[in-house]
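Colleague: Just so it is clear: in the sequence shown, position 41 is 1486 by the working numbering, and no numbers are missing.
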Amino acid sequence: MLVLGRKPGEFIMIDNNIMVKVVKSEEGHLRLAIEAPKHISIVRGELFEEKKRLQNQ
């Protein structure tokens, strides 16, 4: 796992076609903007875990 520090307005690129940008950062809260091709699924962690849990029942 790669761990990076970013400030609002800064971003990282993944595989030259996915951008993750820090939009807002406050105490205990972070707002991200993610730009990716339409065929890439982007899901919040809690929804991903719930779907995985339901599939394993």
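Backbone N, C-alpha and C define an ideal beta-carbon position, used for all residues, glycine too.
1) Asn1461 to Ala1478, Cα distance in whole Å?
2) By alpha-carbon positions, which one of Lys1497, Arg1451 and Gln1502 ends up nearest to Ser1470?
3) Among Ile1459, Arg1498 and Glu1491, whose alpha-carbon lies nearest the alpha-carbon of Pro1482?
4) Excluding the 5 residues preceding and the 5 following Ile1485 in the sequence, name in chain order all residues of the same chain whose CB lies nearer than 7 Å to its CB.
5) Any idea what DSSP makes of Gly1472, helix, strand or coil?
Modeller: According to the structure shown:
1) 16 Å
2) Shortest Cα-Cα distance from Ser1470 to any of Lys1497, Arg1451 and Gln1502 involves Arg1451.
3) Ranked by how close their Cα comes to the Cα of Pro1482, the residues Ile1459, Arg1498 and Glu1491 have Ile1459 in first place.
4) Once the five neighbours on either side are set aside, the close Cβ partners of Ile1485 are Ile1463.
5) Sequence inspection shows Glu at residue 1472; the Gly mentioned does not correspond to that position. Glu1472 falls in the coil class under three-state DSSP.
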